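Residues in the sequence shown are numbered consecutively from 334, following this note's numbering.
C-beta atoms are modelled at their ideal positions from N, C-alpha and C, and glycine is treated no differently.
As the structure is a prediction and not an experimental result, all values here were calculated from the model.
Contents: one structure, followed by commentary.
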Amino acid sequence: MGKFEFLDHPSDAYIAAYGRDLKEAFENAALAMFEVMTDTKSVKPVRKVEIRVNGYDLLSLLYNWLEALLYHYGVQNLVFSKFKVNYIKKERDAYVLKGEAWGEEFDPSRHEARVEVKAVTYSLMEVKEGRGGIILKFVLDI
């Protein structure tokens with residue numbers, strides 16, 4: 334089992350991301366989203382962005398994590414290649430994630446332009462515990 338895989342979908346990017354625990358699975362979900370947009374191996378981790386998101390459940394936490402990263406792409410033209418989830422914890426009635434992403438500004442002379450992700454969706458979204466750890470499934474509107 335790798336970090337993630339692309340699943341069959343007629344029009345959008347359907348992804349399964351894997352991890353030994355929730356933190357690693359969330360990191361790999363973020364990597365997969367940016368892999369849809371560019372070759373992440375060409376992205377230098379020179380700029381760090383801190384992310385803190387809440388969710389009323391794990392699905393909304395995943396959605397908000399990916400949307401926060403997508404926001405930095407849309408507003409600051411940043412693409413990321415390295416992710417670190419420092420913690421995911423339940424506080425009162427919400428889950429909280431604090432993490433970091435490293436990347437750089439998209440440069441068309443060095444970064445392959447693949448497909449732009451328009452939005453994260455709740456379509457087919459799942460958080461499951463499997464034999465080898467956590468499996469996250471989600472669809473990106475492209």
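Legend entry - Distance between Ala365 and Asp354 (C-alpha atoms, nearest Å): 17 Å
Inset, instruction - Report yes if the C-beta distance between Val418 and Glu357 is below 9 Å; otherwise report no. - result: yes
Legend entry - 9 Å Cβ cutoff met for Met370 and Arg447: yes
Inset, instruction - Could you say if the segment 377-385 and the segment 426-440 meet the contact criterion of at least three C-beta pairs nearer than 8 Å? - result: yes
Inset, instruction - Please check if any C-beta of chain C sits within less than 9 Å of the C-beta of Asp426. - result: Among the chains of the structure shown, chain C does not appear; only one protein chain is present.
Inset, instruction - Return the residue from the list Tyr404, Asp440, Ala349, Asn387 that minimises the CA-CA distance to Asp372. - result: Asp440
Inset, instruction - Quick one: using the 10 Å Cβ neighbour count with 16 as the cut-off for buried, is Gly463 buried or exposed? - result: exposed
Legend entry - Where the beta strand (DSSP E) containing Tyr389 begins and where it ends: Neither: Tyr389 is in no beta strand (DSSP E) and is coded neither H nor E.
Legend entry - Of the listed residues Lys461, Gly466, Val450, Gly465, nearest to Ala363 (C-alpha basis): Val450
Legend entry - Beta-carbon spacing of Ile348, Leu469 below 9 Å: yes
Inset, instruction - Excluding the 5 residues preceding and the 5 following Gly407 in the sequence, name in chain order all residues of the same chain whose CB lies nearer than 6 Å to its CB. - result: none
Legend entry - Environment of Asn387 [buried if 16+ CB atoms lie within 10 Å]: exposed
Legend entry - Residues sharing a beta bridge with Arg464, DSSP: DSSP, once it has assigned bridges, lists no residue as partnering Arg464.
Inset, instruction - Leaving aside the five residues before and after Lys422 along the sequence, list all residues of the same chain whose C-beta is less than 8 Å from its C-beta, in chain order. - result: Tyr428, Val429
Legend entry - Separation of Tyr389 from Lys292, as counted between CA atoms: Examination of residue 292 is not possible in this model, given that the chain is present from 334 through 475 alone.
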